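In the working numbering, the protein residues as written are 329 to 565.
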Amino acid sequence: MASFTRRFVSVLSGSALAFSLVSVPAAVVATAAAQAECSTSGSGNWSGYTVTSSWLDSTAAPGGQATLRSTITGPGGVVGEAWQYHPEGFVPESSRVRSYKFPTGQSWADETIVRDAGNNAARPSGSGWTTASQSVTVDITYRVPEDAVPGSVLNSGSKVRITAVGTGDFNPIGACLTIRGKNPVESVQGSLQGIGAGSLVDGSVASANMSSDPSGSIADVINDLDLGQLIGGAMGS
Numbered sequence: 329m330a331s332f333t334r335r336f337v338s339v340l341s342g343s344a345l346a347f348s349l350v351s352v353p354a355a356v357v358a359t360a361a362a363q364a365e366c367s368t369s370g371s372g373n374w375s376g377y378t379v380t381s382s383w384l385d386s387t388a389a390p391g392g393q394a395t396l397r398s399t400i401t402g403p404g405g406v407v408g409e410a411w412q413y414h415p416e417g418f419v420p421e422s423s424r425v426r427s428y429k430f431p432t433g434q435s436w437a438d439e440t441i442v443r444d445a446g447n448n449a450a451r452p453s454g455s456g457w458t459t460a461s462q463s464v465t466v467d468i469t470y471r472v473p474e475d476a477v478p479g480s481v482l483n484s485g486s487k488v489r490i491t492a493v494g495t496g497d498f499n500p501i502g503a504c505l506t507i508r509g510k511n512p513v514e515s516v517q518g519s520l521q522g523i524g525a526g527s528l529v530d531g532s533v534a535s536a537n538m539s540s541d542p543s544g545s546i547a548d549v550i551n552d553l554d555l556g557q558l559i560g561g562a563m564g565s
């Protein structure tokens, strides 16, 4: 009897192990497949046209900026609308388009932004760019929300309407941005902005000195502030 009981328990344990080996890897494989499809760049094809979306930097910090580029190629149609689907909470701040213009050739032009906040989408306001000679490139720069979680990977998408051809809608498209933690300079900038010194910080970031020596520029800003105010603001943040 004892021998039968041991054999019965052994069979049950083996069945449970087999079930776990069948069910768990399925979830792991699905996750791995989803991750494999997500990189800094993704593309979609329709009616002879291709749109490729790419983050110019693979990572961005909370409160920082990130630029998503859409490149549209095809047999010569006219781009009527070029939408980007951005991660939730991202705020589009600026946009520009590179397209062919006769007789100067390819050049960049700044455009105002049209938003569809309900669908987390944005596009440049212009239209009529042709893919006949070369590709059309759309850059939109976004502000990353302060509550973005470091380590998270955020996908994006694209929707392009070609006049008299149709619309390619790819959401998501597989172009992903990874949120990283703030570096020391970005952390100090956040503290300064928190106590109302944002204009000083923005001015330092835009200066040539910031590009060559970020820590020196931040030190200059701190020296111009009341140290007690800075410490109090940082501790309260």
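Beta carbons: idealized from backbone N, C-alpha and C, even for Gly.
In this text the structure is predicted, and so the values were computed from the model without any measurement.
Whether residue i touches residue j by CB criterion (8 Å)
i    : j    : result
C366 : V477 : no
I507 : Y377 : no
I400 : V472 : no
K510 : P390 : yes
S484 : P500 : yes
V419 : E439 : no
F498 : V379 : yes
G408 : S455 : yes
S375 : V493 : yes
Y413 : A449 : yes
L397 : V488 : Checking the sequence shown, residue 397 turns out to be Arg, not Leu. No, Cβ-Cβ distance for R397 and V488 is not below 8 Å.
S381 : S486 : yes
S427 : W457 : yes
Buried versus exposed call for residue i [16 or more other C-beta atoms within 10 Å across all chains shown]
i    : result
R443 : exposed
E416 : exposed
A388 : buried
P452 : buried
F430 : exposed
S540 : Since pLDDT at S540 reaches only 37, below the 50 mark, its modelled position is unreliable, and no value is offered.
W383 : buried
Q517 : buried
T459 : buried
S461 : exposed
S348 : Low confidence applies to S348: its pLDDT is 37, below 50, so where it sits in the model is not reliable enough to give any reading.
P353 : Because P353 sits at a pLDDT of 36, beneath the cut-off of 50, its placement in the model cannot be relied upon, and the following sentence gives the value as read from the coordinates. It counts as exposed.
A394 : buried
Range covered by the beta strand (DSSP E) that runs through residue i
i    : result
D438 : G433 to E439
A445 : Run containing A445: none; DSSP gives neither H nor E here.
E409 : V406 to Y413
G372 : S369 to W374
L384 : Taken as a continuous stretch (DSSP letters only), L384 belongs to no beta strand (DSSP E), as it is neither H nor E.
(request) Could I get the ranges of all uninterrupted beta strand (DSSP E) runs contained in the segment 454-517, with 3 residues as the minimum, in chain order? (result) 464-471, 481-483, 485-490, 494-498 and 504-507
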